[in-house]
Amino acid sequence: MDVSESNFEVAVLDRSHSLPVVVDFWAAWCAPCLQLGPVLEREASKRSGKLELVKLDVDANQALPRFYGIQGIPAVKAFHKGRVVAEFVGAQPSAAVERFLDSLLPSEADLLAQKGDEESLRAALVLEPGHADAALQLARIFHGRGQMEEALDILGNVRGSLAVDGLTARIKLERAAAPDLGRAFAALDAGDNEQALDVLIDAIAPTRGSRDEIRRVVIGILDELGVDDPLAARSRKRLASALY
Numbered sequence: 152m153d154v155s156e157s158n159f160e161v162a163v164l165d166r167s168h169s170l171p172v173v174v175d176f177w178a179a180w181c182a183p184c185l186q187l188g189p190v191l192e193r194e195a196s197k198r199s200g201k202l203e204l205v206k207l208d209v210d211a212n213q214a215l216p217r218f219y220g221i222q223g224i225p226a227v228k229a230f231h232k233g234r235v236v237a238e239f240v241g242a243q244p245s246a247a248v249e250r251f252l253d254s255l256l257p258s259e260a261d262l263l264a265q266k267g268d269e270e271s272l273r274a275a276l277v278l279e280p281g282h283a284d285a286a287l288q289l290a291r292i293f294h295g296r297g298q299m300e301e302a303l304d305i306l307g308n309v310r311g312s313l314a315v316d317g318l319t320a321r322i323k324l325e326r327a328a329a330p331d332l333g334r335a336f337a338a339l340d341a342g343d344n345e346q347a348l349d350v351l352i353d354a355i356a357p358t359r360g361s362r363d364e365i366r367r368v369v370i371g372i373l374d375e376l377g378v379d380d381p382l383a384a385r386s387r388k389r390l391a392s393a394l395y
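Everything in the sequence shown is counted per this note's numbering, starting at 152 for the first residue and increasing by one.
Structure (structure tokens):
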């Protein structure tokens with residue numbers, strides 16, 4: 152499928168929220184592009200329904216290559232949830248293309264985490280104890296039951312997740328019984344992120360001992376909202392003012 156600047160947002164960015172979209176930036180005069188193209192098409196067809204491959208002519212659509220910093224072609228970029236998650240430049244052999252495409256597909260733990268029930272989440276964490284999404288969901292189930300230690304044990308296996316770090320900080324604050332944060336956590340559980348963020352950011356004080364834990368909770372909420380969320384953008388500015 153060929154895409155252009157006019158439909159890139161819908162065909163690539165929006166579509167990538169449902170499954171990975173691989174974009175082949177190419178040109179008709181580029182010999183390595185003509186070599187790589189059939190390999191990509193063949194391997195992508197083997198994974199039909201699990202990912203999509205689209206082609207973008209860099210001569211006819213010059214703004215997008217500039218935006219994504221493309222300096223040489225063929226350039227292949229994989230998008231997931233609107234962001235580039237993997238890429239390579241230059242013609243590659245079939246085995247390398249296979250590995251690249253397979254790396255974009257969900258693992259067994261990913262598929263179990265998507266189910267979201269407790270049994271599936273436990274199974275996912277047996278396969279991948281550091282699986283952030285499964286750990287976050289299961290920890291929230293335990294947290295809702297008041298099983299704080301069990302939740303912290305699960306979260307402790309995960310590295311590099313702001314959302315996990317935020318939930319960990321929240322549990323520690325709740326165990327410390329910070330009375331002025333109860334309204335924020337109640338709002339958060341009710342889905343009122345705006346009120347929760349307002350209360351949490353207002354609670355950040357330069358001399359407060361729990362200042363860093365509150366900051367971590369806020370950052371975790373912002374991470375889950377995503378970079379494009381208007382509430383997240385406003386709250387980041389307020390957080391920066393409160394901290395500095």
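Positions of the beta carbon are idealized from the N, C-alpha and C atoms, including for glycine.
Going by the beta-carbon positions, is the gap between V240 and G223 smaller than 8 Å? yes
Tell whether a beta-carbon distance below 8 Å holds between S245 and V205. no
Between V172, R310, L278, which lies nearest to F251 when the distance is taken from Cα to Cα? V172
For the beta strand (DSSP E) containing D304, name the first residue and the last one. Where D304 is concerned, there is no enclosing beta strand (DSSP E), although the alpha helix (DSSP H) it sits in stretches over 299-306.
Quick one: Cα of D349 to Cα of A338, how far? 10 Å
Under the rule that 16 or more other beta-carbon atoms within 10 Å means buried, what is F218, buried or exposed? exposed
Please identify the residue among F176, E160, G233, D253 whose C-alpha is closest to the C-alpha of S199. D253
Considering only their Cβ atoms, is the gap separating A242 from L187 smaller than 8 Å? yes
Please state whether DSSP places K206 in a helix, a strand or coil. strand
Tell me the start and end of each unbroken beta strand (DSSP E) in the segment 171-198 that is at least 3 residues and wholly inside, in chain order. 172-177
Quick one: complete beta strand (DSSP E) runs, 3+ long, within the segment 250-327? none
Taking 6 Å as the limit between beta carbons, can you name the residues of its chain near I365, skipping five residues before and five after? L351, A354, I355
Hey, how far is the Cα of A275 from the Cα of A182? 44 Å
P257 to V378, Cα distance in whole Å? 23 Å
How would you write the range of the alpha helix (DSSP H) that E345 sits in, first residue to last? 344-353
Which residues does DSSP pair with V163 in a beta bridge? In the DSSP output, where bridge partners are listed per residue, V163 has none listed.
For the beta strand (DSSP E) containing V227, name the first residue and the last one. 226-231
For R359, which three-state DSSP category applies? coil
Per DSSP, V235 forms a beta bridge with which residues? F230
By the DSSP assignment, the alpha helix (DSSP H) with G333 in it spans what residues? 333-340
So which of L272, A391, I221, E345 has the shortest CA-CA distance to F293? L272
Provide the residue span of the alpha helix (DSSP H) that contains P244, from first to last. Careful: P244 lies outside any alpha helix (DSSP H) and carries neither H nor E.
Rounded to the nearest angstrom, what separates A178 and L255 at their Cα positions? 25 Å
Candidates D374, G295, A260: closest to D401 by CA position: Residue 401 falls outside the range modelled here, since the chain spans only 152 to 395, and no answer is possible.
Of the choices R389, S155, A285, whose alpha-carbon is the least far from that of S312? A285
With H, G and I counted as helix, E and B as strand and the rest as coil, what does DSSP make of V369? helix
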